[in-house]
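Here our numbering is used: position 130 in the sequence shown is 131, and no number is missing along the way. Backbone N, C-alpha and C define an ideal beta-carbon position, used for all residues, glycine too. Single-structure report; data block below.
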Amino acid sequence: MSRSRPTRIVDLSKEIAENPADPSFMRVKVKHHPHGRARWLVRMLGLPFRLFPKDFAGWADDTITRMGVHATTHIDAPWHYGPTGADGKPLPTIEVMPTDQMLGPGVVFDMRHKADGEAIGPDDLEAALAASGATLEPGTIALIHTGRDAFQGTREYWKRGTGMSPAATEWLIDRGVTVMGIDQWGWDLPFHHQIRRSREEGRDDLFWAGHLVGRRKPYWHMEQLRGLDALPPHGFDVGVFPLRLKGASAAPARVLAFLYD
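Structure, rendered in structure tokens:
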């Protein structure tokens, strides 16, 4: 990881905003309070209006009235994948994510060629890595570029995408990557593709299989990134800054790429 000062910073996070096009289970609601409301609060606390500073309009305030931790750009903790790991011990929640894993060298895997409903496998990752000239090392943060962030803000976003297979997820983990992220709605194939394949093939090991790798080999992954097309394949750092929510399965995160042009 570079120690020089970055020449450019790219924000890889969605804005947190109310969007009627989002499905109900991931909708955000924010109430914006105008400046003048605070003037009355200060008056109730005992300061007469005549003693207000001449240019005091009051302060603006905002309340998030509804937002699931998975509703926007976020990072999942292993606790999200299940209550216990393969060893029977409780899996970690988001507030115990090691801070030394929140910053590391980034590598982009270009998966834009993968069709909706077609899972990403280890061969895809190997080919993308070879084409980019990047190398993986412990602490690398892997970013999966599907291009499906183009659908953010639309009703199609959660339905569109490829997805990381369990084998591809494990391939990254086995090479020292414990933090990874994707620019589509979820890590796995979209739900309807997972369900269709499970039913057609009569299998009970397909649904949410990429996530469930984390019960055997705990790892942290980001979902709903954006702007990965603004990054080179490697030679930059990634910072992941989740809210410190005690006992939570995930947290909204500001994710930044630091470039050294």
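*Out of curiosity, what's the CA-to-CA distance linking ARG113 and GLY148?*
6 Å
*At which residue ranges does the region 31-110 contain complete alpha helix (DSSP H) runs of 4 or more residues, listed in the order of the chain?*
37-45
*Quick one: what's got a C-beta closer than 7 Å to MET103's C-beta in the same chain, skipping five residues either side?*
GLY240, VAL241 and PHE242
*Please list the segments of the alpha helix (DSSP H) lying wholly inside the region 171-205, counting only runs of 4 or more residues, in order along the chain.*
192-202
*Three-state class that DSSP yields for PRO123 in the structure shown*: helix
*Since LEU207 and GLN195 are thought to touch, with beta carbons under 8 Å apart, how far apart are those beta carbons, to the nearest angstrom?*
6 Å
*Where does LYS115 land, buried or exposed, given buried means 16+ other C-beta within 10 angstroms?*
buried
*Measure the alpha-carbon distance for ALA254 versus ARG51 and round it to whole angstroms.*
43 Å
_Rounded C-alpha distance that separates ARG197 from MET45_ = 59 Å
*If we ignore side chains and look at the alpha-carbon of each, how far apart do TRP188 and THR100 end up?*
22 Å
*Closer than 8 Å: is that where the CB of LEU130 sits relative to any heavy atom of the ligand ZN?*
The ligand content of the structure shown is nil, which means the ligand ZN is not present either.
*Presumed contact (8 Å Cβ cut-off) between MET98 and ILE142, rounded CB distance*: Actually they do not touch by this definition, with Cβ atoms about 13 Å apart.
*Can ARG156 and PRO24 be called in contact, C-beta distance under 9 Å?*
yes
*Is the beta carbon of LEU246 sitting closer than 9 Å to the one on VAL70?*
yes
*Tell me whether the beta-carbon of ALA169 lies closer than 9 Å to the beta-carbon of GLY211.*
yes
*Just how far apart, CA to CA, sit TRP221 and ILE65?*
25 Å
*Can you name the residues that DSSP bridges to ILE145?*
PHE110 and ILE183
*Identify, in the order they occur along the chain, each residue of the same chain with its Cβ nearer than 6 Å to the Cβ of ASP62, setting aside the five sequence neighbours on each side.*
HIS34
*Closest by CA to VAL108, which one among LYS90, GLY118 and ALA135?*
ALA135
*For the alpha helix (DSSP H) containing GLY240, list its first residue and its last residue.*
Note, GLY240: premise wrong, no alpha helix (DSSP H); beta strand (DSSP E) at 237-243.
*Residue interval of the beta strand (DSSP E) (run including VAL29)*: First-last for VAL29: undefined, no H or E at that position.
*Any idea what DSSP makes of TRP159, helix, strand or coil?*
helix
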